[in-house]
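J.: Counting from 1, one number per residue, gives the positions in the sequence shown under full-length UniProt numbering.
My structure is below; once you've seen it, I'll send some questions.
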Amino acid sequence: MEDQASTGRDAESRAGTRDAVDGLPDLKRHRDTLAQSWADARSAGSALSLLHLQLGRLQEIGQVFGDEIADELFGQAIVRLEASLPRDSILARFSDDTLSLILRGSAADDAAEYAEALCHLMDRPFAVAGMSFCIQVSGGLAGDTDDVVSPAALCRRANAALAQTKPGGRRVALYTNAQQRTQASRLALMGDLFGAVERDELRLYCQPKIDLRTGRIAGAETLVRWAHPRLGLIPAAQFIALAEQSGMIGRVTSWVLNATLGFLRGWQAYDDVQTLAVNLSAHDIRHPAMAQRVQNQLDAWGVRPELLQFELTESALIEDPDAALATLRRLKDCGVEIMIDDYGTGYASLSYLRQFPMDGIKIDQSFIAPILGDVEAAAIVRSTIALGHALGRKVVAEGVECRNVSNCLAQQGCDLAQGYLFSMPMPIEELPRWQAAHIKGLAV
Numbered sequence: 001m002e003d004q005a006s007t008g009r010d011a012e013s014r015a016g017t018r019d020a021v022d023g024l025p026d027l028k029r030h031r032d033t034l035a036q037s038w039a040d041a042r043s044a045g046s047a048l049s050l051l052h053l054q055l056g057r058l059q060e061i062g063q064v065f066g067d068e069i070a071d072e073l074f075g076q077a078i079v080r081l082e083a084s085l086p087r088d089s090i091l092a093r094f095s096d097d098t099l100s101l102i103l104r105g106s107a108a109d110d111a112a113e114y115a116e117a118l119c120h121l122m123d124r125p126f127a128v129a130g131m132s133f134c135i136q137v138s139g140g141l142a143g144d145t146d147d148v149v150s151p152a153a154l155c156r157r158a159n160a161a162l163a164q165t166k167p168g169g170r171r172v173a174l175y176t177n178a179q180q181r182t183q184a185s186r187l188a189l190m191g192d193l194f195g196a197v198e199r200d201e202l203r204l205y206c207q208p209k210i211d212l213r214t215g216r217i218a219g220a221e222t223l224v225r226w227a228h229p230r231l232g233l234i235p236a237a238q239f240i241a242l243a244e245q246s247g248m249i250g251r252v253t254s255w256v257l258n259a260t261l262g263f264l265r266g267w268q269a270y271d272d273v274q275t276l277a278v279n280l281s282a283h284d285i286r287h288p289a290m291a292q293r294v295q296n297q298l299d300a301w302g303v304r305p306e307l308l309q310f311e312l313t314e315s316a317l318i319e320d321p322d323a324a325l326a327t328l329r330r331l332k333d334c335g336v337e338i339m340i341d342d343y344g345t346g347y348a349s350l351s352y353l354r355q356f357p358m359d360g361i362k363i364d365q366s367f368i369a370p371i372l373g374d375v376e377a378a379a380i381v382r383s384t385i386a387l388g389h390a391l392g393r394k395v396v397a398e399g400v401e402c403r404n405v406s407n408c409l410a411q412q413g414c415d416l417a418q419g420y421l422f423s424m425p426m427p428i429e430e431l432p433r434w435q436a437a438h439i440k441g442l443a444v
């Protein structure tokens, strides 16, 4: 029986209906199967659900360790999943890192508990080439309700539900009509974003960084806000992803850089002027002319380059490491500082800290917040500070919200800290006044 099944899979692979890497039905075969399952369920009046499973970090692992490692890891994940599938279910490959599971005879509410268990089943590490890897699986679940007009609509709903999951947070999301309204709102917001720069609706905010040794301000991170005429002030977290998806991120970054340098031109005349940091996206890093644009704007505004700093995440580096390295080297030639943001959240932390021209690291707040009660988090923070200093890098702690955490970081030798303990984000024009008040408070 196994030989017959294997022969059938080989024939289907040659016919182009199964994925050549993992042997699962490909997208075309999956669509046909879903259409037939949907028709059968409607005819019989039985339940049907569709679960989309995203295998997190596969792309990152492939870029860091190679496609062969990623493919082997994917194959092991498939084997583990298939061993736990319910009867009469069908698993297929939906995209590079996403699987689609047809659950025949299962209503969405019943399937949700199973989906949670399936995601947690994948938490156990996988052993590949003598290394241990963890992938976090999240799931988007949609049921075939009366208002589902087609198999394609059911598939779109599973995708929409999957988009509601978050790394380190919600593992499984069940599609609701509210999500459809949310999607419509996001699309409308994306349309509004296209004219936001021209309509002068963006605002520059900042959050100070504090020297833990002296207590004085040691710079600030710039943050963009969108003064939407109807929705009010929108934080970056709610529209930067839209800017990236719509191709607007380059224009937003250009606006932020221009506004930052405009402020620095006046601020650099003061004795206590400090660096301002601008966030760069993966799109910005990949752009071959990014460094030249920075140099042109530095020259145009007459700002000393050592006052400008760029922050970028590990994920921005790994999308195209070669292009990122070339851009960062050119940026360093401009005389600016470069920090790696959200340090510790990616596989590439150690290798990239050594290979890329970084001046410092910002430890992600997910490690900072629990250090007083979490032994492992405290050990990670302590070792990261020591590693950063051993490599000659500055170390910044993000998300510091209480004095005890700040004191603990200072005792461990962390250089700078940023968070609500010191200041909420403020309009950039308020920074000099805040700095003066802060210095006065230190003298008391």
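Every residue, glycine too, gets a C-beta built ideally from N, C-alpha and C.
Can you round the beta-carbon distance between Leu212 and Leu416 to whole angstroms, since I take them to be within the 8 angstroms contact cut?
T.: Taking a contact as a CB-CB distance under 8 angstroms, the pair Leu212 and Leu416 counts as one, their CB atoms being some 6 angstroms apart.
J.: Have a look at Met424 and Gln435 and give me their C-alpha separation to the nearest angstrom.
T.: 13 angstroms
J.: Spatial neighbours of Arg433 within its chain, please: CB distance less than 6 angstroms, with the 5 preceding and 5 following residues excluded, ordered by chain position.
T.: none
J.: With a floor of 3 residues, list each beta strand (DSSP E) that falls wholly inside the UniProt domain "GGDEF" (46-178), ordered by position along the chain.
T.: 48-55, 89-93, 98-104, 126-128, 131-133, 137-143, 172-174
J.: May I have the straight-line CA-CA distance separating Arg265 from Met190, to the nearest angstrom?
T.: 32 angstroms
J.: Between the Cα of Gly335 and the Cα atoms of Asn296, Val400, Leu372, which residue gives the shortest distance?
T.: Asn296
J.: Ignore the nearest five residues each way along the sequence and tell me which others in Leu242's own chain have a CB closer than 8 angstroms to its CB.
T.: Arg186, Leu189, Met190, Leu193, Met248
J.: Do Val400 and Ile439 have their beta-carbon atoms positioned less than 9 angstroms apart in this structure?
T.: no
J.: Going residue by residue through the segment 339-387, where are the continuous beta strand (DSSP E) segments of at least 3 residues, counting only ones entirely within it?
T.: 360-363
J.: With DSSP as the reference, label Met426 as helix, strand or coil.
T.: strand
J.: How about Leu409 and Ile385: do their beta carbons lie closer than 9 angstroms?
T.: yes
J.: What residue from Ala196, Pro86, Gln292, Gly45 has the CA that sits closest to Glu113's CA?
T.: Pro86
J.: Please determine, among Pro208, Trp255, Met131, the residue with the shortest C-alpha to C-alpha distance to Cys273.
T.: The residue asked about is misnamed: residue 273 is Val in this sequence, not Cys. Nearest C-alpha to Val273: Pro208.
J.: Using the Cβ count rule (16 or more neighbours within 10 Å means buried), how would you classify Ala11?
T.: Its pLDDT being 37, under 50, Ala11 is placed unreliably in this model, and the value from its coordinates should be taken loosely. So Ala11 ends up on the exposed side.
J.: On a Cα-Cα basis, can you pick out the residue from Gly360, Asp123, Arg329 that is closest to Tyr343?
T.: Taking only the C-alpha atoms, the option nearest Tyr343 is Gly360.
J.: Leu280: which of Leu372, Ala378, Val197, Glu221 sits nearest, CA to CA?
T.: Glu221
J.: DSSP state of Ala289, grouped into three classes?
T.: coil
J.: Is it the case that the Cβ atoms of Cys119 and Ser138 are separated by a distance below 9 angstroms?
T.: yes
J.: In the DSSP assignment, find the alpha helix (DSSP H) that holds residue 449 and state where it starts and stops.
T.: It is not possible to answer for residue 449, since the shown part of the chain is limited to 1 through 444.
J.: Checking the sheet assignment: what are the DSSP bridge partners for Cys206?
T.: Thr222, Met426
J.: Ile78 and Leu24 - do their beta-carbons sit closer together than 9 angstroms?
T.: yes
J.: Using only alpha-carbon positions, find the residue among Leu353, Ser406, Arg354 that is nearest to Ala378.
T.: The closest CA to that of Ala378, considering only Leu353, Ser406, Arg354, is found on Ser406.
J.: Glu244 and Ala282: beta carbons closer than 9 angstroms?
T.: yes
J.: Could you check which residue in Glu82, Val128, Ser49 has the C-alpha nearest to that of Leu121?
T.: Glu82
J.: Between the alpha carbons of Leu442 and Leu421, how many angstroms are there, rounded?
T.: Straight-line Cα distance between these residues: approximately 15 angstroms.
J.: Is the beta carbon of Leu298 closer than 9 angstroms to that of Leu261?
T.: yes
J.: Would you kindly check if the distance between the Cβ of Gly140 and the Cβ of Gln54 is under 9 angstroms?
T.: Yes.
J.: Quick one, are the C-beta atoms of Ala316 and Asp284 less than 9 angstroms apart?
T.: yes
J.: Which residues in the same chain as Gln268 place their Cβ atom closer than 8 angstroms to its Cβ, once the five residues preceding and following it in sequence are excluded?
T.: Val303, Arg304, Leu307
J.: Helix or strand or just coil, what does DSSP make of Val278?
T.: Note: Val278 maps to strand in three-state DSSP.
J.: What is the DSSP secondary structure of Phe263, reduced to helix, strand or coil?
T.: helix
J.: For Ala142 and Ser84, which I take to be in contact (beta-carbon distance under 8 angstroms), what is that distance rounded to the nearest angstrom?
T.: Wrong, their Cβ atoms sit about 20 angstroms apart, outside the cutoff.
J.: Look at the Cβ atom of His30, then the Cβ atom of Arg93, and state whether they are nearer than 9 angstroms.
T.: yes
J.: Distance check for Asp26 and Arg18, CA to CA, integer angstroms please.
T.: Unreliable placement is indicated for Arg18, whose pLDDT of 48 sits below 50; the coordinate value is still reported in the next sentence. About 5 angstroms.
J.: Excluding five sequence neighbours on each side, which residues of the same chain lie with their C-beta closer than 7 angstroms to the C-beta of Asp364?
T.: Asp342, Tyr343, Gly344, Thr345, Glu398
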